[in-house]
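Please read the structure below before turning to the comments.
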Amino acid sequence: MTTTGNDSRSASPSLFARLEPRLASVQKPIQYVGGELNSTVKDWNCAETSGHGGPTVRWALMYPDAYEVGLPNQGVQILYEVLNERDWIVAERTYSVWPDMEKVLREGDELGPIPQFTVDAHRSVRDFDFFGLSFSTELGYTNMLNALDLAGIPLHAVDRTEADPIVLSGGHASFNPEPIADFIDAAVLGDGEEIVLRISEVAREWKSELAAGADFGDRTPRDELLFRLASSGAVYVPKFYDVSYDEATGQIASVEPNRPGVPARIRKHTLMDLDAWPYPAKPLVPLAETVHERFSVEIFRGCTRGCRFCQAGMITRPVRERSINTIGDMVENGIRKSGFDEVGLLSLSSADHTEIGDVAKGLADRYEGTSISLSLPSTRVDAFNISLANEFSRNGRRSGLTFAPEGGSERMRKVINKMVTEEDLIRTVSTAYSHGWRQVKLYFMCGLPTETDDDVMQIAELAKKVIAKGREVSGHNDIRCTVSIGGFVPKPHTPFQWAAQLDHETTDARLKKLRDAVRADKRFGRAIGFRYHDGKPGMIEGLLSRGDRRVGAIIEEVWRDGGRFDGWSEHFSFDRWVESSQRALAGTGVDLEWFTTRDREYDEVLPWDHLDSGLDKDWLWGDWEDALAAADGEDIEVEDCRWTPCYDCGVCPEMSTEIQIGPTGQKLLPLSVV
0 MTTTGNDSRS ASPSLFARLE PRLASVQKPI QYVGGELNST VKDWNCAETS GHGGPTVRWA
60 LMYPDAYEVG LPNQGVQILY EVLNERDWIV AERTYSVWPD MEKVLREGDE LGPIPQFTVD
120 AHRSVRDFDF FGLSFSTELG YTNMLNALDL AGIPLHAVDR TEADPIVLSG GHASFNPEPI
180 ADFIDAAVLG DGEEIVLRIS EVAREWKSEL AAGADFGDRT PRDELLFRLA SSGAVYVPKF
240 YDVSYDEATG QIASVEPNRP GVPARIRKHT LMDLDAWPYP AKPLVPLAET VHERFSVEIF
300 RGCTRGCRFC QAGMITRPVR ERSINTIGDM VENGIRKSGF DEVGLLSLSS ADHTEIGDVA
360 KGLADRYEGT SISLSLPSTR VDAFNISLAN EFSRNGRRSG LTFAPEGGSE RMRKVINKMV
420 TEEDLIRTVS TAYSHGWRQV KLYFMCGLPT ETDDDVMQIA ELAKKVIAKG REVSGHNDIR
480 CTVSIGGFVP KPHTPFQWAA QLDHETTDAR LKKLRDAVRA DKRFGRAIGF RYHDGKPGMI
540 EGLLSRGDRR VGAIIEEVWR DGGRFDGWSE HFSFDRWVES SQRALAGTGV DLEWFTTRDR
600 EYDEVLPWDH LDSGLDKDWL WGDWEDALAA ADGEDIEVED CRWTPCYDCG VCPEMSTEIQ
660 IGPTGQKLLP LSVV
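0 is the number of the first residue of the sequence shown in numbering that gives the first Met the number 0; add one for each residue after it.
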């Protein structure tokens, strides 16, 4: 971190001259060279050279996975662009390096090890003021530790000095950052666009005072900056909170601020008026192959469907739609700026946009006869209509359709509040098959609360009925249905945060039974694809999702034992996590199963109770009780509050927000396409 008197030290030197001779020794060296279309390289002291004056604030942004996964991440791209638009901020990107590059960095050269570097100007990550990491999954935690170590930043926040950046986490996983509390200096909950600028303003003021020789009393300069961030109620600083445990039960006894001026609860950030933030406006175009080769536009944020398993839907409330005109402008701009010929209209449930029909028709009209194709992600069964599907395939690209019933039986769908009947599903896929589609993908979960073997076996029966109906309405036998199954992981800030997770042995046994039943059917077996992951990674995700600060020792043990890229099946080792858990938790009275496969009671202090997502705890508990009642046969449904009166989840009054939806009455006018 820059703490010198006038903040004008020489620019952080480029490491590329040290890296370049070694690039031929690693796979996919292109991912480390930077220079992507629409990337930004700014002067290290841009505030001075731009004439803005004052100190420069510098961010190194990381999605803690490989370049091919990290570069398309919209969250990082948006923050990268928002920050770099300010002429007094430098923002650069870094990604997790593969083991071969890690070996190169650790071996180094005659100057010593080569530190973790940014891909934009190949500067050392340690030279920045902030090292911001975006976690969409908890399985990226070991990659964070590896990046810190490679950067020369002490793993533990308590060991960092004025020479180290502030390590800050964000993303969905940061709604419970307690498992990584020892390794981060701060965490941000919710939308990042506005808060990163507020943090930068605080840092800029602090750097100005520091340069002027300010006396911060009994606080070090580093602690002064952290205190200013924490006291605003906008940023969570774990070191300012003490956690105590009940020796008898192993549960958390309390989480309390340990100094005056620090709030008892930290609130999430909610960006209102998405039309005012049309990012990314300059999408990054990768040099190497990535997991998504398309330009994506987020058409709305938030979801109020009320699926009880869905953390993303719960923590991103309320719904905020982009207007049809803004969507159209973002699509046109993104195509021109990137050259992508596929556009994805993204959200948690894109077909729920109030003007999705007009959006689809307007865009299809605009790009008819061109190479531009449009796509929607997974579609709710009850939101699908053939007109919408036809608009998105008008240019001749007709990919498979994906639907997510989630639960195999109607009973399970009532438990999770996914109010889709078997008749709804059959009718929907029948319509698709009758209009020329040949491939449908169905997504389910295994291990949901109250689930039985029979609930899971109903997935096979449903898939067979889908194939039979498809053959009937299409008159063809080349109908395919792919069944994709993920393991359920209870998540914080959902009604299922109190639920016991199903053990991996039972999960695997149920999935094997289901697979065997599908394969044994001579009439339908060959037409049904079957994809699933075993239950072991889900157990570790569950540990990290609902863990407390004691879990940090496990993460460190795993990393020291070689754990990297735990989200990749070929790198994940369940045995390593189990053995590390046993060593790290020895003598604590808790174990891996304690964190995963036990039920919680209402009065238990949960690790994230001091982190406010806006959701009322009593409402969440009542919804959990409704789920159990639905499992016993009661007909209980929580409807979408976009179309019904408020049902008091707490978000809007707690966060001073409101649902923002159309229709606007506007139409997306066609543009001439160059």
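Virtual Cβ for every residue (Gly too), placed ideally from N, Cα, C.
Answer with buried or exposed for residue i, where buried requires no fewer than 16 other C-beta atoms within 10 angstroms of its C-beta.
i, result
"S370", "exposed"
"K521", "exposed"
"V290", "exposed"
"T475", "Here the sequence assigns His to residue 475, which means Thr is not the residue at that position. With fewer than 16 Cβ atoms within 10 Å of its Cβ, H475 is classed as exposed."
"A253", "The sequence shown places Ser at residue 253, rather than the Ala named in the question. Counting Cβ neighbours within 10 Å, S253 comes out exposed, since fewer than 16 surround it."
"C645", "exposed"
"E177", "buried"
"Y62", "buried"
"T48", "exposed"
"L36", "exposed"
"E161", "exposed"
"Q310", "buried"
"L110", "exposed"
"K512", "exposed"
"W642", "exposed"
"L667", "buried"
"T587", "exposed"
"S612", "buried"
"R597", "exposed"
"P54", "buried"
"A247", "exposed"
"A156", "buried"
Residues in the same chain with beta-carbon distance under 6 Å from residue i, minus the five sequence neighbours each way, listed in chain order, please.
i, result
"G664", "none"
"L147", "L154"
"G191", "L78, G169"
"F564", "H570"
"T430", "I385"
"W620", "Y601"
"P12", "none"
"S199", "V56, I88"
"R599", "W497"
"R159", "P153"
"K27", "A287"
Residue j and residue i - do their beta-carbons sit closer together than 8 Å?
i, j, result
"D647", "D615", "yes"
"R57", "F127", "yes"
"S348", "C302", "yes"
"G333", "V284", "no"
"Y140", "I179", "yes"
"I458", "A526", "no"
"P317", "I658", "yes"
"I265", "G232", "yes"
"V234", "A185", "yes"
"G407", "T481", "no"
"S95", "D64", "yes"
"D622", "P494", "yes"
"R122", "P112", "no"
Just list the residues that DSSP pairs residue i with in beta bridges.
i, result
"E405", "F443"
"M61", "T93, L132"
"P262", "Answer is none; P262 lacks a bridge partner."
"I679", "Look at the range of the chain in this structure, 0 to 673, and you will see that residue 679 is not part of it."
"S348", "S348 pairs with nothing; no bridge assigned."
"S253", "S243"
"T378", "F402"
"V166", "F130"
"A185", "L167"
Could you name the residues of the same chain whose beta carbon sits closer than 7 Å to that of residue i, not counting the 5 residues immediately before and after it, in chain order?
i, result
"W205", "E223, L224, R227"
"E193", "H268, L270"
"F174", "L188, I314, P491, H492, W607, L610, S612"
Excluding the 5 residues flanking residue i on each side, which residues of the same chain have their C-beta closer than 8 Å to its C-beta?
i, result
"L584", "R549, A552, I553, D590, L591"
"W436", "A388, R397, G399, L400"
"A363", "L373, E390, F391, R393, N394"
"V201", "L224, R227, L228, S231"
"S433", "V472, S473"
Checklist entry - Three or more C-beta pairs closer than 8 Å, one from the segment 539-553 and one from the segment 484-491: is that the case here? => result yes
Checklist entry - Between the segment 418-428 and the segment 371-381, do three or more beta carbon pairs fall short of 8 Å? => result yes
Next on the checklist: Contact between the segment 506-520 and the segment 551-558 is defined here as three or more beta-carbon pairs at a separation below 8 Å; is this criterion met?
Outcome noted: no
Checklist entry - Touch check for the segment 439-446 and the segment 496-509: three-plus C-beta pairs under 8 Å? => result yes
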